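Residue numbers (my numbering), protein chains in the order written: chain A, 2 to 369; chain B, 2 to 369.
We put the beta carbon where it would ideally sit given N, CA and C, even for glycine.
Since the model is a prediction, treat every value here as computed from it, not as a measurement.
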């Protein structure tokens with residue numbers, strides 16, 4: 002097991018990472034304050050892990066709240082199910098909400114914990130690679146609005162994050178790949194040596210080697226914890242975590258929530274950000290192509306969907322949270338391992354990036 | 002004009018109080034960060050004061066969001082109207098939300114500001130006495146749930162509170178009285194000399210004497226700011242602000258939101274808390290009766306509704322936020338000017354308090 006600390010002053014908390022941690026109640030119990038616990042999970046995860054986690058909570062009054070599975074349910078109606086479950090079982094202000102599932106469960110359970118009686122205790126138990134390396138660390142919670150993704154939410158830190166890498170055995174291969182998109186992202190924005198490690202270990206990760214997974218998750222969480230510790234509320238450096246996300250969100254929104262997985266959209270969006278960074282003269286075509294090959298090795302799409310025109314991107318990007326006072330800000334790479342948040346680019350470079358022929362670029366790579 | 006400071010470290014903010022402040026843009030403008038402003042108000046207040054406040058915001062892109070008026074609309078559907086308005090007008094993370102109205106508008110606009118893009122800038126402009134002396138100060142925001150009042154919300158501090166006492170000229174007399182219930186409360190829990198001042202000045206307050214109103218509001222806000230500054234998230238002394246509220250919430254819930262005004266329910270609930278404090282031997286019957294007479298002078302009900310049995314109170318109080326681990330905690334008076342939060346009372350004393358004949362008590366007082 003590896004233990005990391007997210008350093009946020011009085012809101013600091015540990016992340017436990019390793020195989021078989023669901024069977025270790027001594028990790029969970031010190032972070033529960035009252036006698037009531039609500040486990041929020043979904044219909045896919047409940048039959049796999051709910052009983053195992055409940056078994057670690059002997060002696061507590063446990064309420065299970067099972068949500069429908071999928072990003073399309075990340076909305077107020079589903080959030081309301083959590084409030085209904087808490088109120089019907091008369092949970093008081095000292096209750097502890099445990100999120101058991103992927104990013105959607107974590108975002109909604111965390112937002113519910115932030116809002117229930119104006120804030121109750123919260124623990125993240127992420128079961129997908131994406132949520133283990135990204136959404137469970139850093140305190141972003143929320144729901145989608147018909148007019149935009151994650152438009153309603155809160156910054157709310159958990160008391161602890163418990164990551165059992167064995168839970169990835171039941172994760173569909175496509176979702177494992179989607180999680181690897183964020184793992185690769187950490188290498189690109191702030192840890193160039195990790196990129197080389199990933200090139201070495203990508204097959205072990207996809208084969209669910211538990212030691213490799215623990216190492217990759219710990220290194221990803223450490224990168225995220227560093228960035229979040231320096232900038233909890235995203236006024237500066239934290240925004241670099243959104244490499245590929247502005248383009249990616251446009252893809253997700255345009256295709257309809259859930260058609261592309263978040264990590265898939267981030268992979269294709271990151272390729273666009275790399276292309277733009279190259280067009281600005283910041284990274285070489287070889288560096289761009291190296292990243293594209295790593296995304297491909299992870300089993301990820303590396304080009305935006307064929308049905309999206311530049312205007313589609315521009316329309317969706319105009320309501321993105323990274324739009325400040327009407328100016329579009331993007332996360333781009335100054336070098337491999339060094340991201341910047343910038344609005345210092347010409348409209349022409351942006352348009353050229355949106356109009357580039359990614360299919361042809363990938364095709365050339367595949368035949369080199 | 003009086004200016005107070007709510008002392009909460011980096012979340013500190015000023016409260017401006019006086020007649021005619023809507024006409025002084027120099028008070029509002031320093032607290033706006035970006036170029037976008039959303040004024041959230043309701044159908045009653047919009048025709049009275051919306052243009053006046055907009056006139057103080059020349060040069061900003063102002064969106065007006067007009068909600069239906071009333072506690073019965075303090076729910077997710079109405080909150081959604083705020084998010085819709087912000088997103089349709091493409092407000093970004095630097096927008097400023099201004100709440101112009103009473104406590105319902107302030108609670109909902111504040112919660113919307115807390116959640117919109119995970120938190121944007123917020124200013125309170127309360128137009129009812131109740132919201133001026135209570136809900137606009139201290140950062141409690143939220144909405145009701147069918148199973149309980151204020152069950153979903155956030156602690157979220159404004160950048161500033163602007164109180165124009167002239168706005169009370171258009172407030173219905175019944176709502177002015179409801180606000181006076183909370184004013185009297187501050188005297189009871191922490192400022193005994195203020196009670197004597199109120200006995201002297203009650204008629205001037207009800208006649209809307211602007212100097213008397215400024216003085217009473219400032220003294221109330223100062224009391225609240227002291228308590229909130231000592232305990233922002235209500236882990237201790239802040240709970241004393243809820244004198245009469247546990248009984249009062251039961252009255253509001255049982256009668257249906259909006260049938261009794263909040264301040265009316267608090268007045269009757271406070272009389273019950275005084276009766277219980279007397280039965281515990283803490284305050285004399287003369288002290289209890291003095292407070293009852295002051296509530297009467299303010300034009301407030303001093304007995305719970307005739308249709309509520311002790312069981313009705315017990316049922317509603319069981320899901321109150323002040324229930325910790327199943328034990329009922331109540332705010333009671335050890336002395337006039339000194340409140341305590343306690344669960345140290347027998348079930349018999351509570352039952353006797355719920356069963357007391359308040360109508361007869363009041364009748365005796367009226368004939369003394």
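Environment of residue i [buried if 16+ CB atoms lie within 10 Å]
i                      : result
residue 42 of chain A  : buried
residue 114 of chain A : buried
residue 122 of chain B : buried
residue 107 of chain A : buried
residue 368 of chain A : exposed
residue 414 of chain A : This structure cannot speak to residue 414 of chain A, because chain A is shown only from 2 to 369.
residue 78 of chain A  : exposed
residue 175 of chain A : exposed
residue 171 of chain B : exposed
residue 358 of chain A : exposed
residue 98 of chain B  : buried
residue 125 of chain A : buried
residue 241 of chain B : buried
residue 348 of chain B : exposed
residue 350 of chain A : exposed
residue 31 of chain B  : exposed
residue 253 of chain B : buried
residue 305 of chain B : buried
residue 194 of chain B : exposed
residue 204 of chain B : exposed
residue 127 of chain B : buried
Nearest to residue i (by Cα), restricted to the options the options
i                      : options                       : result
residue 81 of chain A  : B:193, B:348, B:124 and B:148 : B:148
residue 7 of chain B   : B:165, B:355 and B:222        : B:222
residue 94 of chain A  : B:328, B:129 and B:181        : B:328
residue 50 of chain B  : B:84, B:83 and B:129          : B:129
residue 239 of chain A : A:190, A:304, A:142 and A:255 : A:190
residue 345 of chain B : B:353, B:355, B:334 and B:330 : B:330
residue 303 of chain A : A:179, A:131, A:202 and A:233 : A:179
residue 293 of chain A : A:364, A:124 and A:110        : A:364
residue 112 of chain B : B:153, B:91, B:11 and B:225   : B:153
residue 151 of chain B : B:14, B:142 and B:168         : B:142
residue 262 of chain B : B:220, B:64, B:104 and B:282  : B:104
residue 208 of chain B : B:132, B:353 and B:298        : B:298
residue 291 of chain B : B:249, B:275 and B:15         : B:275
residue 92 of chain B  : B:57, B:202 and B:36          : B:36
residue 248 of chain A : A:57, A:233 and A:271         : A:271
residue 335 of chain B : B:361, B:280 and B:354        : B:280
residue 341 of chain A : A:283, A:10 and A:56          : A:283
Distance between beta carbons of residue j and residue i, contact taken as under 8 angstroms
i                      : j                      : result
residue 244 of chain B : residue 268 of chain B : Rounded, the Cβ-Cβ distance is 11 angstroms, inconsistent with contact.
residue 163 of chain A : residue 17 of chain A  : 5 angstroms
residue 388 of chain B : residue 214 of chain B : This structure cannot settle anything about residue 388 of chain B, because the visible part of chain B is limited to 2 through 369.
residue 317 of chain A : residue 251 of chain A : 4 angstroms
residue 185 of chain A : residue 296 of chain A : 6 angstroms
residue 102 of chain A : residue 46 of chain A  : 5 angstroms
residue 120 of chain B : residue 156 of chain A : 7 angstroms
residue 257 of chain A : residue 182 of chain A : Between residue 182 of chain A and residue 257 of chain A the Cβ distance is about 19 angstroms, and since that is not below 8 angstroms, they are no contact.
residue 146 of chain B : residue 88 of chain A  : 6 angstroms
residue 259 of chain B : residue 73 of chain B  : 5 angstroms
residue 139 of chain B : residue 225 of chain B : 6 angstroms
Neighbour flag for residue i against chain E, beta carbons, 8 angstroms
i                      : result
residue 146 of chain A : Chain labels in this structure do not include chain E; the protein chains are A and B.
Any non-hydrogen atom of the ligand ADP closer than 7 angstroms to residue i Cβ
i                      : result
residue 312 of chain B : Of ligands this structure carries none, so the ligand ADP is not represented either.
* **Selection of the segment 72-103 of chain B by Cβ proximity to chain A, strictly under 8 angstroms** => 77, 81, 84, 85, 88, 89, 91, 93, 94 and 95
* Residue ranges of each beta strand (DSSP E) run of no fewer than 3 residues wholly in the segment 268-344 of chain B, ordered along the chain? -> 331-336 and 339-343
* Name, going along the chain, the residues of the segment 223-255 of chain A whose beta-carbon falls closer than 7 angstroms to a beta-carbon of chain B. => none
* Give the residues from the segment 118-141 of chain A that approach chain B closer than 8 angstroms (Cβ to any Cβ), ordered along the chain. => 118, 119, 120 and 141
* Asked: Listed in chain order, which residues of the segment 336-349 of chain B have Cβ atoms closer than 9 angstroms to some Cβ of chain A?
  -> none
* To do: Ignoring anything shorter than 3 residues or poking outside the segment 71-102 of chain A, list the beta strand (DSSP E) runs there in chain order.
  => 97-102
* According to a CB-to-CB cut-off of less than 7 angstroms, which residues of the segment 194-207 of chain B neighbour chain A? -> none
* alpha helix (DSSP H) segments (min. 4 residues) lying fully within the segment 204-277 of chain B -> 211-231 and 246-256
* Asked: Got a sec: which bits of the segment 7-25 of chain A sit with their beta carbon under 7 angstroms from any beta carbon on chain B, in order along the chain?
  -> none
* Residues in the segment 165-194 of chain B with C-beta within 9 angstroms of chain A's C-beta atoms, listed in sequence order? -> none
* Can you list, in chain order, the stretches of the alpha helix (DSSP H) that have 4 or more residues and sit fully within the segment 9-59 of chain B? -> 26-29 and 52-56
* **Chain-ordered residues of the segment 154-165 of chain A with a beta carbon less than 7 angstroms from chain B** => 154, 155 and 156
* Got a sec: which bits of the segment 103-116 of chain B sit with their beta carbon under 9 angstroms from any beta carbon on chain A, in order along the chain? -> 112, 113, 115 and 116
* **Under 7 angstroms (Cβ pairs) to chain A, residues found in the segment 46-67 of chain B** => none
* In the segment 270-295 of chain A, which residues sit with their C-beta less than 7 angstroms from some C-beta in chain B, listed in chain order? -> none
* Entirely within the segment 133-194 of chain B and at least 3 residues each: give me those beta strand (DSSP E) ranges in chain order. => 141-146, 149-156 and 161-165
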